[in-house]
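Trainee:
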Amino acid sequence: MLQGGTAAWAKSGPRTHQVKPGETLSQLSERYGVSIAALKSRNKLSGDTIRIGQLLVIPAWPALDAIRDATGSLRITRGRWRHVVLHHSGIEDGNAKAYDSAHLRRGMGNGLAYHFVIGNGRDSEEGGIEIGPRWLKQLDGGHVRNRAFNEHGIGICLVGNFETRRPSPKQLEALTALVDWLRDDAPLGATPKFTIHRWVDKNHTVCPGKFFPSTRLRLRYA
Ligand SMILES: [Zn+2]
0 MLQGGTAAWA KSGPRTHQVK PGETLSQLSE RYGVSIAALK SRNKLSGDTI RIGQLLVIPA
60 WPALDAIRDA TGSLRITRGR WRHVVLHHSG IEDGNAKAYD SAHLRRGMGN GLAYHFVIGN
120 GRDSEEGGIE IGPRWLKQLD GGHVRNRAFN EHGIGICLVG NFETRRPSPK QLEALTALVD
180 WLRDDAPLGA TPKFTIHRWV DKNHTVCPGK FFPSTRLRLR YA
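Residue numbers (numbering that gives the first Met the number 0): 0 to 221.
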């Protein structure tokens, strides 16, 4: 297991937030990447009203625990991961294993091109985060054409076709929990910048689709 990682993980548990004047549940939901429903149920709120000075518990995303544990035993080159690159799979079927086989058949020797896959509830749990072998082996991604972004970009794929629908709230919650963690708490020695596939490989792809909230997330991580 991991040496010296425990302290770094400790702060990744449930957080608390003291409500300041003018803050609303929807702002806090946006800020922490947790649904309003999850905030209300965790804090036993019946309505949408919060009081100044009230202490709210911000629930952690449960799928992150396994990722923290797995990442804790990895040897990660400090400062290597400079980007987080978002993708959609473009189809509603599949999960990490299915895409791994597909990428192997396409001749990618290291299989699954992404480091993480977030399920849509069809072939894996909705909002569940699967860890790809490339993350566990700390290999370059194979998710973009741009070589530097494969070498320094963490590839995250949401299962679905976001040219035809939006990602589900659960998928977005999982995504923001994962990206927050990668940027704020993971032992990377850098804060990777947020980007999406089509901003990296320009005029080549629509990925992650027109219904993916790319601009909103860019602002969140600006
Ligand atoms: Zn893509």
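Cβ coordinates follow ideal geometry from the N, Cα and C atoms, glycine included.
Source: prediction; values computed, not measured.
Have a look at 138, 28 and 91 and flag the residue whose alpha-carbon is nearest the alpha-carbon of residue 124.
Mentor: For the purposes of this step, residue 124 is taken as the residue at position 125 of the sequence shown. That would be 91, whose Cα lies nearest to the Cα of residue 124.
Trainee: Could you tell me the alpha carbon to alpha carbon distance between residue 220 and residue 104, rounded to whole angstroms?
Mentor: To locate residue 220, count along the sequence shown from 1; it is residue 221. To locate residue 104, count along the sequence shown from 1; it is residue 105. So the two alpha carbons sit approximately 35 Å from each other.
Trainee: Between which two residues does the alpha helix (DSSP H) carrying residue 148 extend?
Mentor: Residue mapping note: residue 148 aligns to position 149 of the sequence shown, counting from 1. Note, residue 148: alpha helix (DSSP H), 146–151.
Trainee: Exposed or buried, which one is residue 77 when buried takes at least 16 other CB atoms within 10 Å?
Mentor: In the sequence shown, residue 77 corresponds to position 78, counting from 1. Exposed, by the Cβ-count rule.
Trainee: If you compare alpha carbons, which of 109, 36 and 51 is closest to residue 20?
Mentor: Counting from one through the sequence shown, the residue named residue 20 turns up at place 21. The shortest C-alpha separation from residue 20 is found at 51.
Trainee: Measure the alpha-carbon distance for residue 31 versus residue 175 and round it to whole angstroms.
Mentor: The sequence position of residue 31 within the sequence shown is 32, counting from 1. The sequence position of residue 175 within the sequence shown is 176, counting from 1. Each residue's alpha carbon lies about 8 Å from the other.
Trainee: Do residue 154 and residue 203 have their beta-carbon atoms positioned less than 8 Å apart in this structure?
Mentor: The residue you call residue 203 lines up with position 204 of the sequence shown. The residue you call residue 154 lines up with position 155 of the sequence shown. Their beta carbons are not under 8 Å apart, which means residue 203 does not touch residue 154 by this criterion.
Trainee: Which residues in the same chain as residue 119 place their Cβ atom closer than 7 Å to its Cβ, once the five residues preceding and following it in sequence are excluded?
Mentor: What you label residue 119 is simply residue 120 of the sequence shown in a count that begins at 1. Here the set comprises 91, 125, 158, 159, 167 and 170.
Trainee: Kindly provide the ranges of any beta strand (DSSP E) runs that are 3 or more residues long and lie completely inside the stretch 21–72, ordered along the chain.
Mentor: The stretch 21–72 contains these whole beta strand (DSSP E) runs: 54–57.
Trainee: Taking a contact to mean a Cβ-Cβ separation below 8 Å, would you say residue 186 touches residue 195 in this structure?
Mentor: As a position in the sequence shown, residue 186 is number 187, starting the count at 1. As a position in the sequence shown, residue 195 is number 196, starting the count at 1. No, these two residues do not count as a Cβ contact at 8 Å.
Trainee: For residue 152 versus residue 56, is the C-beta spacing smaller than 8 Å?
Mentor: As a first step, residue 152 must be located in the sequence shown, where it is residue number 153. As a first step, residue 56 must be located in the sequence shown, where it is residue number 57. No, these two residues do not count as a Cβ contact at 8 Å.
Trainee: Since I believe residue 193 is in contact with residue 87 (beta carbons under 8 Å), could you give me their beta-carbon distance rounded to a whole number of angstroms?
Mentor: Numbered from its first residue, the sequence shown carries residue 87 at position 88. Numbered from its first residue, the sequence shown carries residue 193 at position 194. Not quite, the Cβ-Cβ distance comes to about 15 Å (not below 8 Å), so this is no contact.
Trainee: What separation, rounded to the nearest whole angstrom, lies between the Cα atoms of residue 117 and residue 139?
Mentor: Numbered from its first residue, the sequence shown carries residue 117 at position 118. Numbered from its first residue, the sequence shown carries residue 139 at position 140. So the two alpha carbons sit approximately 19 Å from each other.
Trainee: Just to confirm, are residue 110 and residue 99 a CB contact at a threshold of 8 Å?
Mentor: Counting from one through the sequence shown, the residue named residue 110 turns up at place 111. Counting from one through the sequence shown, the residue named residue 99 turns up at place 100. Going by C-beta atoms, residue 110 is nearer than 8 Å to residue 99.
Trainee: Under 8 Å, do residue 28 and residue 44 count as touching if we go by C-beta distance?
Mentor: As a first step, residue 28 must be located in the sequence shown, where it is residue number 29. As a first step, residue 44 must be located in the sequence shown, where it is residue number 45. Going by C-beta atoms, residue 28 is not nearer than 8 Å to residue 44.
Trainee: On the DSSP letters alone, give me the boundaries of the beta strand (DSSP E) that residue 232 sits inside.
Mentor: Nothing about residue 232 can be read from this structure; the chain reaches only from 0 to 221.
Trainee: Classify residue 129 as helix, strand or coil using the three-state DSSP reduction.
Mentor: Within the sequence shown, numbered from 1, the residue matching residue 129 stands at position 130. Strand, per DSSP.
Trainee: Residues in the same chain with beta-carbon distance under 6 Å from residue 63, minus the five sequence neighbours each way, listed in chain order, please.
Mentor: Position 64 of the sequence shown, counted from the start, is the residue given in the question as residue 63. Contacts found: 176 and 180.
Trainee: In chain order, what residues of the same chain have a beta carbon less than 7 Å from the beta carbon of residue 217, not counting five sequence neighbours either side?
Mentor: As a working note, residue 217 is residue 218 in the sequence shown. Taken in chain order, the residues that qualify are 193.
Trainee: Just how far apart, CA to CA, sit residue 67 and residue 34?
Mentor: The residue labelled residue 67 in the question sits at position 68 within the sequence shown. The residue labelled residue 34 in the question sits at position 35 within the sequence shown. Whole-angstrom Cα-Cα distance: 22 Å.
Trainee: Taking the alpha-carbon positions, what's the residue 205 to residue 214 distance?
Mentor: Position 206 of the sequence shown, counted from the start, is the residue given in the question as residue 205. Position 215 of the sequence shown, counted from the start, is the residue given in the question as residue 214. Distance between the alpha carbons of residue 205 and residue 214: 14 Å.
Trainee: Could you tell me which of 81, 121 and 65 sits nearest to residue 131, measuring between CA atoms?
Mentor: Within the sequence shown, residue 131 is the residue found at index 132, counting from 1. Out of 81, 121 and 65, 65 has the C-alpha closest to the C-alpha of residue 131.
Trainee: What do you get for residue 24, buried or exposed, if any count of 16 or more other CB atoms within 10 angstroms of its CB means buried?
Mentor: For the purposes of this step, residue 24 is identified with residue 25 of the sequence shown, where counting begins at 1. It is buried - the Cβ of residue 24 has at least 16 other Cβ atoms within 10 Å.
Trainee: With a threshold of 7 Å, establish whether the CB of residue 204 neighbours any heavy atom of ligand 1.
Mentor: To locate residue 204, count along the sequence shown from 1; it is residue 205. Yes, the beta carbon of residue 204 sits closer than 7 Å to at least one heavy atom of ligand 1.
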